[in-house]
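Working notes, beginning with the structure itself.
There are 2 protein chains.
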Amino acid sequence: MLSEFSLIDRFFARRARITPRAVLGIGDDCALFAPSAGEMLAISTDMLVEGRHFLADVDPHALGHKALAVNLSDLAAMGAKPQAFTLALALPQAREEWLAAFSEGMFEIAERFDCELVGGDTTGGPLNICITVFGEVPPQLALRRDAAQPGDDIWVSGTLGDARAGLGVLRQEWSVDAGDAATFCRALERPEPRVALGLALRGHARSALDISDGLAGDLLHILERSRVNATVDVDAVPRSAALRRLPSDLQRRCTLAGGDDYELCFTAPAAARAAIEAAGYSVAVPVTRIGTISALQNAAAEPAISWHDAAGMPLTLTLQGFDHFHAN
Amino acid sequence: MLSEFSLIDRFFARRARITPRAVLGIGDDCALFAPSAGEMLAISTDMLVEGRHFLADVDPHALGHKALAVNLSDLAAMGAKPQAFTLALALPQAREEWLAAFSEGMFEIAERFDCELVGGDTTGGPLNICITVFGEVPPQLALRRDAAQPGDDIWVSGTLGDARAGLGVLRQEWSVDAGDAATFCRALERPEPRVALGLALRGHARSALDISDGLAGDLLHILERSRVNATVDVDAVPRSAALRRLPSDLQRRCTLAGGDDYELCFTAPAAARAAIEAAGYSVAVPVTRIGTISALQNAAAEPAISWHDAAGMPLTLTLQGFDHFHAN
Numbered sequence: 001m002l003s004e005f006s007l008i009d010r011f012f013a014r015r016a017r018i019t020p021r022a023v024l025g026i027g028d029d030c031a032l033f034a035p036s037a038g039e040m041l042a043i044s045t046d047m048l049v050e051g052r053h054f055l056a057d058v059d060p061h062a063l064g065h066k067a068l069a070v071n072l073s074d075l076a077a078m079g080a081k082p083q084a085f086t087l088a089l090a091l092p093q094a095r096e097e098w099l100a101a102f103s104e105g106m107f108e109i110a111e112r113f114d115c116e117l118v119g120g121d122t123t124g125g126p127l128n129i130c131i132t133v134f135g136e137v138p139p140q141l142a143l144r145r146d147a148a149q150p151g152d153d154i155w156v157s158g159t160l161g162d163a164r165a166g167l168g169v170l171r172q173e174w175s176v177d178a179g180d181a182a183t184f185c186r187a188l189e190r191p192e193p194r195v196a197l198g199l200a201l202r203g204h205a206r207s208a209l210d211i212s213d214g215l216a217g218d219l220l221h222i223l224e225r226s227r228v229n230a231t232v233d234v235d236a237v238p239r240s241a242a243l244r245r246l247p248s249d250l251q252r253r254c255t256l257a258g259g260d261d262y263e264l265c266f267t268a269p270a271a272a273r274a275a276i277e278a279a280g281y282s283v284a285v286p287v288t289r290i291g292t293i294s295a296l297q298n299a300a301a302e303p304a305i306s307w308h309d310a311a312g313m314p315l316t317l318t319l320q321g322f323d324h325f326h327a328n
Numbered sequence: 329m330l331s332e333f334s335l336i337d338r339f340f341a342r343r344a345r346i347t348p349r350a351v352l353g354i355g356d357d358c359a360l361f362a363p364s365a366g367e368m369l370a371i372s373t374d375m376l377v378e379g380r381h382f383l384a385d386v387d388p389h390a391l392g393h394k395a396l397a398v399n400l401s402d403l404a405a406m407g408a409k410p411q412a413f414t415l416a417l418a419l420p421q422a423r424e425e426w427l428a429a430f431s432e433g434m435f436e437i438a439e440r441f442d443c444e445l446v447g448g449d450t451t452g453g454p455l456n457i458c459i460t461v462f463g464e465v466p467p468q469l470a471l472r473r474d475a476a477q478p479g480d481d482i483w484v485s486g487t488l489g490d491a492r493a494g495l496g497v498l499r500q501e502w503s504v505d506a507g508d509a510a511t512f513c514r515a516l517e518r519p520e521p522r523v524a525l526g527l528a529l530r531g532h533a534r535s536a537l538d539i540s541d542g543l544a545g546d547l548l549h550i551l552e553r554s555r556v557n558a559t560v561d562v563d564a565v566p567r568s569a570a571l572r573r574l575p576s577d578l579q580r581r582c583t584l585a586g587g588d589d590y591e592l593c594f595t596a597p598a599a600a601r602a603a604i605e606a607a608g609y610s611v612a613v614p615v616t617r618i619g620t621i622s623a624l625q626n627a628a629a630e631p632a633i634s635w636h637d638a639a640g641m642p643l644t645l646t647l648q649g650f651d652h653f654h655a656n
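Printed below as a string of structure tokens:
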């Protein structure tokens with residue numbers, strides 16, 4: 001059994017391949033850190049709990065990746081550049097093998113995004129991973145949820161639904177061939193935060209968020225904060241080749257209510273279409289137009305999404321986004 | 329059962345009596361926030377787990393207080409001024425009564441220290457509270473752990489040991505009269521972060537930390553980071569009148585290895601004695617000299633604490649600070 005202090009020294013010490021940003025990091029009461037001149041800190045915190053955000057037998061390397069990836073995804077959704085993070089970790093026991101794999105998974109993605117671990121806390125307890133991440137963004141370029149305007153196009157990055165399809169495979173809700181299963185499970189366990197795309201969208205997109213709880217629920221957050229409606233073509237929602245091999249009702253369930261996609265959903269004026277396409281191209285991430293923002297019918301109306309298919313036929317969906325106090 | 333979003337709206341919305349510091353707070357992917365010119369952010373994170381940091385039947389109002397208090401205590405130990413915090417909360421169930429009391433306890437102390445809740449996360453799961461707190465301090469005035477020098481006095485604020493005595497009462501390790509029990513339990517459940525003292529010590533103290541795991545273990549962190557030794561008079565360690573009514577071996581156990589005190593331990597040159605006394609007086613917090621920092625015997629030596637009693641008789645203590653991977 002390792003003590004807290006030897007654990008931090010062994011598995012969470014400063015890494016040479018990450019730019020040091022804190023003037024004081026792990027080992028004091030606080031880290032000391034400041035954003036660059038003209039930038040603000042973008043701060044987000046996410047807590048991952050066993051049985052709810054990951055299964056008990058998850059590969060610890062993948063878990064280390066995902067714990068930081070979902071936080072970096074929040075920075076991406078803000079158009080912020082990753083700088084640093086803190087890690088608080090409750091562990092039922094300090095198993096060296098598990099910690100070695102977990103910290104390796106976490107630092108691999110931390111190095112890739114040059115994001116320094118500047119502080120943390122470790123304790124015994126049911127497995128719980130809480131990361132707070134810090135990025136930088138000039139405030140006037142931040143991609144907020146409350147900035148969508150009538151007439152904006154609605155875009156999403158990458159493809160949606162694979163992570164939910166992977167969960168279904170692990171839960172044996174459906175079975176697919178080994179190749180598709182690997183595609184889906186990789187999407188679930190190794191989400192790729194769209195940080196470069198978020199940066200490329202600065203000055204072009206108006207509003208953005210990352211899709212963590214399903215497109216239907218998450219897009220509604222933009223609508224509620226911006227006080228607008230949306231119309232979405234469900235057949236335009238981008239899907240992987242693997243997902244297209246599932247029955248079409250499952251495709252819709254996975255793409256619209258799936259969760260764990262960590263793709264960006266964003267809005268931009270129609271005049272910015274070429275710039276948005278160029279931004280996606282510049283970072284090698286496909287971007288797809290799926291709908292349009294429109295005005296509320298009156299000031300008291302509840303923002304809503306109107307769904308239709310490729311033929312323009314209205315669809316009634318009763319899908320809900322993932323809510324952490326309900327079963328998925 | 330409340331959903332995540334209605335829960336945040338109802339219990340964790342922005343409070344009127346706290347100065348808004350984030351240009352964007354709860355409800356977007358990230359909070360946007362920057363320190364004042366010339367200041368750095370001091371950042372600390374603490375995770376509290378049921379059964380380890382608090383008992384299952386703890387008053388939720390006290391728990392809300394303590395969860396933020398222990399984080400503010402880290403800012404105090406840095407000489408930093410509280411600005412903002414994020415809260416991540418895993419709850420086995422969303423009980424309104426519990427959440428109302430917890431959030432009230434948390435916001436009472438947040439208002440007192442004018443510290444804004446700028447973001448967070450809620451999820452189902454075994455009860456777990458993870459707060460990341462942000463303060464401001466000019467970097468050259470920060471009270472670091474690595475700045476103690478030979479000849480420095482060692483000081484502590486307030487009195488030590490009451491919180492550990494309270495834990496002993498709750499665990500029925502010992503019994504005391506009702507008045508002392510109330511004193512001890514209040515110390516355990518309602519620690520008061522020494523924020524004002526930390527600010528008053530800027531420019532006078534050299535090194536500091538907060539005593540969360542027991543004086544013996546925590547002072548050693550200053551010694552290890554500063555590469556120095558310490559000599560401490562155990563009889564000079566300040567104790568409450570209630571603690572002085574316990575047997576003397578228990579007094580020592582509680583004051584030296586107790587944990588959960590959240591008093592400051594700091595070092596300062598002997599020439600600063602009057603300034604330190606004045607700083608304590610200005611914020612109405614007693615400060616007591618308990619020992620002296622000395623040089624290591626050689627560069628390879630392990631830093632250590634020499635304990636003695638009021639008569640100068642050396643004492644051998646085998647106390648250890650609280651380590652979260654060992655039983656206390």
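Chains as they are written, first to last, in our numbering: chain A, 1 to 328; chain B, 329 to 656.
Ideal Cβ placement from N, Cα and C applies to all residues, glycine included.
With respect to the alpha helix (DSSP H) encompassing Gly125 (chain A), which residues constitute its N-terminal and C-terminal limits?
-> For Gly125 (chain A), there is no enclosing alpha helix (DSSP H), as DSSP marks it with neither H nor E.
Could you check where the alpha helix (DSSP H) with Leu68 (chain A) kicks off and where it finishes?
-> Here the alpha helix (DSSP H) through Leu68 (chain A) covers Pro60 to Met78.
How long is the line joining the alpha carbons of Gly526 (chain B) and Val285 (chain A), rounded to whole angstroms?
-> When the Cα atoms are used, Gly526 (chain B) and Val285 (chain A) turn out to be separated by approximately 49 Å.
Looking at the C-beta of Met78 (chain A), does it have a partner C-beta in chain B at a distance below 8 Å?
-> Cβ-Cβ to chain B under 8 Å: yes for Met78 (chain A).
Measure from the C-beta of Thr595 (chain B) to each C-beta in chain A and report whether the shortest distance is under 8 Å.
-> Judged by the 8 Å Cβ criterion, Thr595 (chain B) is not in contact with chain A.
Identify each residue in the segment 114 to 131 of chain A for which the Cβ-Cβ distance to at least one residue of chain B is less than 8 Å, and report them in chain order.
-> Contacts with chain B (Cβ-Cβ distance below 8 Å) from the segment 114 to 131 of chain A involve Val118, Gly119, Gly120, Asp121, Thr122, Thr123, Gly124, Gly125, Pro126, Asn128 and Cys130, listed in chain order.
Please determine if the segment 524 to 544 of chain B and the segment 453 to 471 of chain B are in contact, where contact requires at least 3 C-beta pairs separated by less than 8 Å.
-> Touching, per the Cβ criterion.
C-alpha distance - Val386 (chain B) paired with Ile482 (chain B), whole-angstrom precision = Counting only the Cα atoms, Ile482 (chain B) lies some 34 Å from Val386 (chain B).
Does the distance from the CB of Leu296 (chain A) to the CB of Pro238 (chain A) come in under 8 Å?
-> Using a Cβ distance threshold of 8 Å, Leu296 (chain A) and Pro238 (chain A) do not count as a contacting pair.
Chain-order list of residues whose beta-carbon lies under 7 Å from that of Ser431 (chain B) (same chain, five-residue window excluded) | Closer than 7 Å at the Cβ level, and outside the excluded window around Ser431 (chain B), lie Phe339, Phe340 and Gly392.
Return the residues of the segment 610 to 629 of chain B that lie within a Cβ-Cβ distance of less than 7 Å from chain A, sorted by chain order.
-> The residues in question: there are none.
Give the secondary structure of Ser175 (chain A) by DSSP, where H, G and I count as helix, E and B as strand, and everything else as coil.
-> Coil at Ser175 (chain A), not helix or strand.
Compile a chain-ordered list of the residues in the segment 550 to 567 of chain B whose CB is closer than 7 Å to at least one CB of chain A.
-> Contacts with chain A (Cβ-Cβ distance below 7 Å) from the segment 550 to 567 of chain B involve Arg553, listed in chain order.
C-alpha gap between Asp356 (chain B) and Leu89 (chain A), whole angstroms | In this structure, the alpha-carbon of Asp356 (chain B) lies about 25 Å from that of Leu89 (chain A).
Using DSSP with H/G/I as helix, E/B as strand and the rest coil, what is Val556 (chain B)?
-> If DSSP states are grouped into helix, strand and coil, Val556 (chain B) belongs with the strands.
Please determine, among B:Phe512, B:Ala598, B:Ser535 and B:Asp449, the residue with the shortest C-alpha to C-alpha distance to Leu335 (chain B).
-> Comparing alpha carbon positions, the residue from B:Phe512, B:Ala598, B:Ser535 and B:Asp449 closest to Leu335 (chain B) is B:Asp449.
Closest by C-alpha distance to Ala570 (chain B), when choosing among B:Arg514, B:Ala438, B:Val484 and B:Asp480 = Closest by alpha carbon: B:Arg514.
Residue from A:Glu116, A:Ala147 and A:Pro60 whose Cα sits closest to the Cα of Asn128 (chain A) = Residue A:Pro60 holds the alpha-carbon nearest to the alpha-carbon of Asn128 (chain A) among A:Glu116, A:Ala147 and A:Pro60.
Where Arg273 (chain A) and Val156 (chain A) are concerned, what is the direct C-alpha to C-alpha distance, given to the nearest angstrom?
-> Each residue's Cα considered, the two are about 13 Å apart.
Neighbour-count burial assignment, Thr347 (chain B), 16 or more Cβ in a 10 Å radius = That one is exposed.
Could you tell me whether the Cβ of Phe658 (chain B) comes closer than 8 Å to any Cβ of chain A?
-> Since the first and last residues shown for chain B are 329 and 656, residue 658 (chain B) lies out of range.
Excluding the five sequence neighbours on either side, which residues of its own chain have a C-beta within less than 7 Å of the C-beta of Asp651 (chain B), listed in chain order?
-> Residue placement at Asp651 (chain B) is flagged as unreliable, the pLDDT there being 43, under the threshold of 50; a coordinate-derived value is accordingly withheld.
Note down, in chain order, all residues in the segment 361 to 391 of chain B with a beta-carbon under 9 Å from any beta-carbon belonging to chain A.
-> If the cut-off is 9 Å between Cβ atoms, the segment 361 to 391 of chain B has Phe361, Ala362, Pro363, Glu367, Met368, Leu369, Ala370, Ile371, Ser372, Thr373, Asp374, Met375, Leu376, Val377, Glu378, Gly379, Arg380 and His381 near chain A.
Using a cut-off of 7 Å between C-beta atoms, extract the partners of Val70 (chain A) located in chain B.
-> At a beta-carbon threshold of 7 Å, none of the residues of chain B lie near Val70 (chain A); the nearest stands roughly 10 Å away.
Could you list which residues in chain A have their beta carbon closer than 9 Å to that of Pro467 (chain B), in chain order?
-> Within chain A, the C-beta atoms nearer than 9 Å to that of Pro467 (chain B) come from Val23, Leu24, Leu32 and Ala34, in chain order.
If you follow the alpha helix (DSSP H) that Thr255 (chain A) is part of, which residue opens it and which one closes it?
-> Ser248 to Ala257 is the extent of the alpha helix (DSSP H) around Thr255 (chain A).
Return yes when the Cβ of Leu72 (chain A) is within less than 8 Å of the Cβ of Phe113 (chain A), no when it is not.
-> For the 8 Å CB-CB criterion, Phe113 (chain A) and Leu72 (chain A) form a contact.
Does the separation of the CB atoms of Pro126 (chain A) and Pro454 (chain B) fall below 8 Å?
-> Taking 8 Å as the Cβ cut-off, Pro126 (chain A) and Pro454 (chain B) qualify as a contacting pair.
Which class does Arg345 (chain B) belong to by DSSP, given the choice of helix, strand or coil?
-> Of the three classes helix, strand and coil, the one that applies to Arg345 (chain B) here is coil, per DSSP.
Leaving out the 5 sequence neighbours to the left and right, which residues in its chain are closer than 8 Å to Thr711 (chain B) when beta-carbon positions are compared?
-> An answer regarding residue 711 (chain B) cannot be provided, because it is not within the stretch 329 to 656 covered by chain B.
Start and end of the alpha helix (DSSP H) containing Arg492 (chain B)?
-> Bounds of the alpha helix (DSSP H) holding Arg492 (chain B) are Asp490 to Leu498.
Of the choices B:Asn557, B:Ala362, B:Ala596 and B:Ala344, whose alpha-carbon is the least far from that of Val659 (chain B)?
-> Look at the range of chain B in this structure, 329 to 656, and you will see that residue 659 (chain B) is not part of it.
At a Cβ threshold of 8 Å, is Ala585 (chain B) touching chain A?
-> Closer than 8 Å: no.
Is there at least one Cβ from chain B nearer than 8 Å to Leu74 (chain A)'s Cβ?
-> Just to set this straight, residue 74 (chain A) is Asp in the shown sequence, not Leu. Closer than 8 Å: yes.
Would you mind stating whether Ala318 (chain B) and Leu592 (chain B) have Cβ atoms separated by less than 8 Å?
-> There is simply no residue 318 (chain B) to check, as chain B begins at 329 and stops at 656 in what is shown.
Among A:Ala311, A:Asn298, A:Ser294 and A:Gly51, which residue has its Cα nearest to the Cα of Leu147 (chain A)?
-> Looking at the sequence itself, residue 147 (chain A) is Ala, so the reference to Leu does not match. Answer by Cα proximity: A:Ser294.
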